[in-house]
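Numbered according to our numbering, the sequence shown spans residues 8 to 224.
Quick reminder that beta carbons are idealized off the backbone N, C-alpha and C, glycines included.
What you are looking at is a predicted structure, and each value in this text was computed from that prediction instead of being measured.
Before any comments, here is the structure.
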Amino acid sequence: ELLIEVIPDEQSNAVFFRRMYADRKSLSGDLPQALLEQLESIASAYNVDVEDVERLEPWAAFSLIGRPEPVNASSQDQVIYENFSRSERKVTGLETMSELIDTLAGLPEDDQITILTDTICNHSRIVADSENLLNMYVRQDLAGMVAFNQQPHHDEAVFDRFMQRVLYNRNKKLLAKIRPALDEGGYFIAVGALHLPDERGLLQALADAGYQISRVY
C-alpha cells in the first residue's frame, strides 16, 4: 500500500484550482501596480490568464510562480502514484488537498503578501535555485538542501513563521499518521524530501521514537 503526502489526482487538482481564486479583495489592493504587472507577465507562463491574475489568492500566486515553469512531464509524486494505481494497490493520502491549502491560507495575510512580493521580485533567481535543489535531490544531498534553506532570507521572521506552519507543524501531523503504518508494515511512504532531514524532520522523529533508520542506497 502507498501512503503519499497528497494524492496527485484530478480531484486534488480540481480542489486547488477551485480555491486559488478569491472571494476577497483584488490583489490590486495589496500590490503596487508595477508589481502586479510583473506578476501578470510571470503568471502567463503558468497558464493563468492576465484577466484572472488579480483574483489569485496570495498563497496560490506564490505557490504557482515559486517553481519552474510547467512542462509536459509527470512530477515524481505523480509517477509513484500512477505506478501504484496501475498495479491496483491501495493509495492513501496523508493529507487532503484542502488540508494543505488550509495550511497555506492560514498564514497571516501580511506574510502571504511579503512572500508573494519577494517571489515576484526574485523570480528568476528562485527558478535557478529550484534547479540547484533538484540537483541536490538527485545526488541525495539532504544536508545540502537543509543548508540551502538556512541561507539568509528577505524577512527572517516571515520565513520562520512559514517554515513552522508549512513544514514543522505538518511533520508532527504526518508522523502521527505514518507511525501506525510502520507498525503494521507493508507500506511504501512518499513525502517531500525536506520533510525528512534536520533535527525537526521525520527521520529524527522516527529515530527518537525507537524506529531503526537505514539507507536504501
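Could you check whether Asp109 and Val165 sit closer than 8 Å to each other, using their CB atoms as the reference points? Residue mapping note: residue 165 aligns to position 158 of the sequence shown, counting from 1. Residue mapping note: residue 109 aligns to position 102 of the sequence shown, counting from 1. Contact: no.
3 or more residues per run - each beta strand (DSSP E) lying fully within the segment 68-151: 98-102
Collapsed DSSP secondary structure at Tyr28 in the structure displayed: Taking the first residue of the sequence shown as 1, we reach residue 28 at position 21. Correct three-state label for Tyr28: strand.
Could you give the first and the last residue of the continuous beta strand (DSSP E) run that contains Ile11? For this step, residue 11 is matched to residue 4 along the sequence shown. That run of the beta strand (DSSP E) goes 9-13.
In its own chain, which residues sit with a C-beta less than 8 Å from the C-beta of Asp162, not counting the 5 before and 5 after it? Indexing the sequence shown from 1 puts residue 162 at position 155. Once the five neighbours on either side are set aside, the close Cβ partners of Asp162 are Thr121, Asp125.
Within 10 angstroms of the Cβ of Ala208, are there 16 or more other Cβ atoms? Answer buried if so, exposed if not. Translated into the one-based positions of the sequence shown, residue 208 becomes position 201. A small fix is needed here, since residue 208 is Gly in this sequence, not Ala. Buried: at least 16 other Cβ atoms inside 10 Å.
If you follow the alpha helix (DSSP H) that Ala228 is in, where does it begin and where does it stop? With the chain represented from 8 up to 224, any question about residue 228 goes unanswered, as that position is not in the structure.
What is the residue span of the beta strand (DSSP E) that Ala197 lies within? Position 190 of the sequence shown, counted from the start, is the residue given in the question as residue 197. That run of the beta strand (DSSP E) goes 195-197.
Starting from Pro204, follow the alpha helix (DSSP H) in both directions and report where the run begins and ends. The count along the sequence shown starts at 1 and reaches residue 204 at position 197. Looking at the DSSP string, Pro204 is not in any alpha helix (DSSP H), and its letter there is neither H nor E.
Beta-carbon spacing of Ile196, Leu10 below 8 Å: In the sequence shown, residue 196 corresponds to position 189, counting from 1. In the sequence shown, residue 10 corresponds to position 3, counting from 1. Going by C-beta atoms, Ile196 is nearer than 8 Å to Leu10.
In chain order, what residues of the same chain have a beta carbon less than 6 Å from the beta carbon of Ala200, not counting five sequence neighbours either side? Residue 200 sits at position 193 when you count from the first residue of the sequence shown. Tyr144, listed in sequence order.
According to DSSP, what are the bridge partners of Leu63? For the purposes of this step, residue 63 is taken as the residue at position 56 of the sequence shown. Its beta-bridge partners are Tyr28.
Report the rounded CA-to-CA distance for Leu182 versus Glu47, giving the unit in angstroms. The residue given as residue 182 occupies position 175 in the sequence shown. The residue given as residue 47 occupies position 40 in the sequence shown. Distance between the alpha carbons of Leu182 and Glu47 is about 39 Å.
Would you mind working out which of Glu206, Gly192, Leu210, Pro187 sits nearest Val198, comparing C-alpha positions? By 1-based counting over the sequence shown, the position of residue 198 is 191. Nearest C-alpha to Val198: Leu210.
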